[in-house]
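Undergrad: Shown below is the structure under consideration.
The structure is reproduced here in structure tokens:
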């Protein structure tokens, strides 16, 4: 199902340390079924799933266990497994999205303006319009 232009999610700019803006990052706003506020997620072609930062700030759910993984730098990281969420991005609704979180208040100190990353693997096709700041997502 392709979204119409009027209902397409907006792309938000990402701020990084020292007030710089990275215009090439694609950040969308999403609502999670257990969320207390909308979250901003950076779409990441290299991510294996959805990874959230600082979940106590916006997610009212309990952890379901721990997973051992590695970060992009190869260092080991411990992730908290979270219950699958119903996710709404614009008018697109995705059910049973698996999520993991970095425990505690861990967040990439270089990144501001987004609450986690979302894998592009959830989508069959993606169209990005940087000029008008919108994105079209077609789920698998």
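Numbering (this note's numbering), first residue to last: 1 to 140. All C-beta atoms, glycine included, are put in the ideal place defined by N, C-alpha and C. Just so it is clear, the structure is predicted and the values come from calculations on it, not from any experiment.
#1: Can you say whether residue 124 is buried or exposed, counting buried as having 16 or more other CB atoms within 10 angstroms of its CB?
#2: Could you check what DSSP says for residue 122 in three-state terms: helix, strand or coil?
#3: Looking only at its chain, what residues have a beta carbon closer than 7 Å to the beta carbon of residue 49, apart from the 5 residues adjacent to it on each side?
#4: Verify whether the separation of the beta carbon atoms of residue 53 and residue 121 is less than 7 Å.
#5: Name the DSSP bridge partner or partners of residue 66?
#6: What is the rounded straight-line gap between the Cα of residue 129 and the Cα of residue 44?
#7: Taking the alpha carbon of residue 84 as the point to measure from, which residue in 75, 95, 90 and 131 has its own alpha carbon closest?
#8: Would you please state the rounded distance, in angstroms, between the beta carbons of residue 42 and residue 25? I believe it to be under 8 Å.
#9: Please classify residue 38: does DSSP put it in a helix, a strand, or coil?
TA: Inspection of the coordinates gives the following:
#1: Mapped onto the chain shown, residue 124 falls at position 124. With fewer than 16 other Cβ atoms within 10 Å, it is exposed.
#2: Mapped onto the chain shown, residue 122 falls at position 122. DSSP places residue 122 in helix when its eight states are reduced to three.
#3: For the purposes of this step, residue 49 is identified with residue 49 of the chain shown, where counting begins at 1. Cβ within range, chain order: 98, 100 and 119.
#4: Walking along the chain shown from the start, residue 53 turns up at place 53. Walking along the chain shown from the start, residue 121 turns up at place 121. No, the pair does not count as a contact, with Cβ atoms beyond the cut-off.
#5: Within the chain shown, residue 66 is the residue found at index 66, counting from 1. According to DSSP, which records beta bridges pairwise, residue 66 is partnered with 80.
#6: Against the chain shown, residue 129 aligns to sequence position 129. Against the chain shown, residue 44 aligns to sequence position 44. Spanning the two alpha carbons is a distance of roughly 16 Å.
#7: Here the question's residue 84 lines up with position 84 in the chain shown. Checked all of 75, 95, 90 and 131; the closest Cα to residue 84 is 95.
#8: Position 42 of the chain shown, counting from 1, holds the residue named residue 42. Position 25 of the chain shown, counting from 1, holds the residue named residue 25. Contact flag correct, Cβ pair sits at about 6 Å.
#9: Along the chain shown, one-based indexing puts residue 38 at 38. Residue state, collapsed to three classes: coil.
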